[in-house]
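Engineer:
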Amino acid sequence: DTEVTQTPKHLVMGMTNKKSLKCEQHMGHRAMYWYKQKAKKPPELMFVYSYEKLSINESVPSRFSPECPNSSLLNLHLHALQPEDSALYLCASSQDQDFGELFFGEGSRLTVL
Amino acid sequence: EDQVTQSPEALRLQEGESSSLNCSYTVSGLRGLFWYRQDPGKGPEFLFTLYSAGEEKEKERLKATLTKKESFLHITAPKPEDSATYLCAVRGGQNTGGFKTIFGAGTRLFVKA
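Chains as they are written, first to last, in my numbering: chain A, 1 to 113; chain B, 1001 to 1113.
1. I want to verify the contact list: residues of chain B whose CB lies under 9 Å from the CB of PRO61/A, in sequence order.
2. Hey, SER94/A and PHE104/A: beta-carbon distance below 8 Å or not?
3. Kindly give me the distance between the Cβ atoms of GLY1092/B and SER1019/B, rounded to whole angstroms, as I take these residues to be in contact under 8 Å.
4. What is the C-beta distance between PRO1044/B and PRO8/A, in whole angstroms, given that I count them as a contact (C-beta under 8 Å)?
5. Mind pulling the beta strand (DSSP E) runs of 3 or more residues that sit fully within the region 1021 to 1094 of chain B?
6. Return the chain-ordered list of same chain residues with a C-beta closer than 7 Å to the C-beta of VAL4/A, the five sequence neighbours on each side being excluded.
7. To the nearest angstrom, report how far apart LYS1042/B and GLY107/A are at their CA atoms.
8. Is DSSP giving PRO66/A helix, strand or coil here?
9. Whole angstroms is fine: what's the gap from MET32/A's alpha carbon to SER65/A's?
10. Can the beta-carbon of GLN1038/B be found closer than 8 Å to that of ALA1084/B?
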């Protein structure tokens, strides 16, 4: 069982919809991450939150908007996405941003029609 | 530029046939090299962390080693359940936002009974 929980597991949305992906961890970790993964490709870093503050944004389009309401929760708000944004979105956490392994959730499979 | 290269892209083994996967890296200020296992449609699962050249870690049939330029994941007498994609990742680099974890493209391992 993973200690990082992501919801929903699957999401289908149109290009005009607004939806959100949610992630929760209760390991006391102070860094949380969003990665995007296309089929047969490695995970690509999107955002890093360290101590609830956005520390890294890998030049992600503004149609993706991250939010970290508290140290246990991480959201990714989606708006006006494109079909090429269809992918597996992975949330991860680590003890902090400098050290420690990443613990991943099972991912949210997003399909944009 | 920080980079992680894994080889081979795919590896097919017979059950019991030992082999090694390679991960070559260039990163400024290594803050850890990580091995993950990823099953189809799931998030990566942490296996090992290595911090310094000469370090070795073992877990069941897997053994990870580290030099200043590369890491190896040795698989001894693999079983079909070892079939998965094995990802190598490094944390380091110089970024005003902090260190980040970069993944290699992975090696897809197939073990036939």
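Where is the CB? At the ideal position from N, CA and C, for every residue including glycine.
Structural biologist: This is what the structure holds:
1. Those do not exist, as PRO61/A stays about 18 Å from chain B at its closest Cβ, beyond 9 Å.
2. no
3. Wrong, their Cβ atoms sit about 28 Å apart, outside the cutoff.
4. Contact flag wrong, Cβ pair sits at about 20 Å.
5. 1033 to 1038, 1045 to 1050, 1056 to 1059, 1062 to 1066, 1070 to 1075 and 1084 to 1092
6. CYS23, GLN25, CYS91, ALA92, SER93, PHE103, PHE104 and GLY105
7. 7 Å
8. strand
9. MET32/A and SER65/A have their C-alpha atoms roughly 14 Å apart.
10. yes
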